[in-house]
Amino acid sequence: RQSAMVAASRLRATLIALHAAGCTVTLVSHSMGCRVALRALLADNEGEDHALCSRVVLLGAAVDHSVLGHQGEFDRQKLRVAAGNSVVVLYSEHDEVLRKFFQWGEALAGDGISRKPMGRVGVAHDVDGVLSISVSASVPAHNPNQWLLSHQVLAHISANLAHTTEEAHTANEACVTDIADKPDIARQHGWCADLHESCSSNDGHDELNE
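Quick note on numbering: the sequence shown equals residues 168 to 377 in this note's numbering.
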């Protein structure tokens, strides 16, 4: 968790710099990286009200299923993300790493053993501004390559990148992220296909702290 805090601080500094440069950003994170992303986006005080990213997509999140709720650890209303359903939670019931080890990790961190992993069960209850979507049909494991081999997952990532691209062009931004710089959805699907092929050649091993 300490390493996640350090990483979150560095990510926030990067997001602030990109925002100052007029960039439009979509964050995609996996496992403990979801904790890093959410912590980086959490407003520390009421004066921090401008969004640091347009969309955030959480894959197999190694955080409790209640963290995005009211007064949760990462209360959705306190996240510096654009308005609307801009936080997308993708989860798989087949994530054995989260099933076997998440509760023990939370217990060691002092949060008790009764917590449930959002990356395996979705959000605890409906939260405004959050979409919780099962991709269990196509994601058989925790490994990030298995997630990126899922056509369901790539479709959701592509859709969110396309949404970000539209925002960037509408605002006539001078600077956008590498993927958002591609103006048509077809090219974004091409990027996803390249990523899918890369993951197919290296499916690795399941680890919780990736």
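Glycine is no exception: its CB is placed at the ideal position from the N, C-alpha and C atoms. As the structure is a prediction and not an experimental result, all values here were calculated from the model.
Tell me, to the nearest whole angstrom, how far the beta carbon of A175 is from that of A207; I am working on the premise that it is less than 8 Å.
Right, the Cβ-Cβ distance comes to about 4 Å (below 8 Å), so this counts as a contact.
Could you give the DSSP three-state label for L182: helix, strand or coil?
Correct three-state label for L182: helix.
Pairwise C-alpha distance: S299 and E260:
Their backbone Cα atoms lie some 13 Å apart in a straight line.
Please classify H197: does DSSP put it in a helix, a strand, or coil?
In the three-state reduction of the DSSP assignment, H197 falls in the strand class, which pools E and B.
Where R222 falls: helix, strand or coil (DSSP)
Strand at R222.
Please say whether V320 and V302 have beta carbons closer to each other than 7 Å?
Yes.
By a C-beta neighbour count over all protein chains shown, 10 Å radius and 16 as the cutoff for buried, is S198 buried or exposed?
Burial of S198 is indicated by the presence of at least 16 other C-beta atoms within 10 angstroms of its C-beta.
Do R243 and V294 have their C-beta atoms closer together than 7 Å?
If you check the CB distance, R243 and V294 come in under 7 Å.
Report yes if the C-beta distance between T193 and L315 is below 7 Å; otherwise report no.
Going by C-beta atoms, T193 is not nearer than 7 Å to L315.
Can you tell me whether M285 is buried or exposed? The criterion is at least 16 other CB atoms within 10 Å of its CB, across all chains shown.
Buried: at least 16 other Cβ atoms inside 10 Å.
Beta-carbon proximity list for D231, same chain, < 6 Å, skipping 5 on both sides
The answer, listed in chain order, is R282.
Cβ atoms of G289 and Y258: under 7 Å apart, would you say?
Taking the C-beta atoms as reference points, G289 is found nearer than 7 Å to Y258.
R266 versus R287, V255, V195, residue with shortest Cα-Cα distance:
Restricting attention to R287, V255, V195, the CA atom closest to the CA of R266 is found in R287.
Between the Cα of M172 and those of S253, A204, P311, A250, spot the shortest distance and give me the residue it belongs to.
Considering only alpha carbons, the answer is A204.
Rounded to a whole number of angstroms, what is the C-alpha to C-alpha distance between L209 and C220?
If I take the Cα positions, the gap works out to 12 Å.
Go through its chain and collect everything with a Cβ distance to A249's Cβ below 6 Å, but skip five positions before and after it.
Only residues of its own chain outside the window of five on either side were considered, and among them A218, S221 have a CB closer than 6 Å to the CB of A249, listed in chain order.
Which of the three DSSP states, helix, strand or coil, is assigned to V297?
In this structure, V297 counts as strand in the three-state DSSP scheme.
Where A326 and V255 are concerned, what is the direct C-alpha to C-alpha distance, given to the nearest angstrom?
So the alpha carbons of these two residues sit roughly 11 Å apart.
Does DSSP put L316 in a helix, a strand or coil?
Coil, per DSSP.
In whole angstroms, give me the CA-to-CA distance for E263 and H309.
Going by the C-alpha atoms only, they are around 7 Å apart.
Would you mind reading off the limits of the alpha helix (DSSP H) that contains V288?
Note, V288: alpha helix (DSSP H), 285-288.
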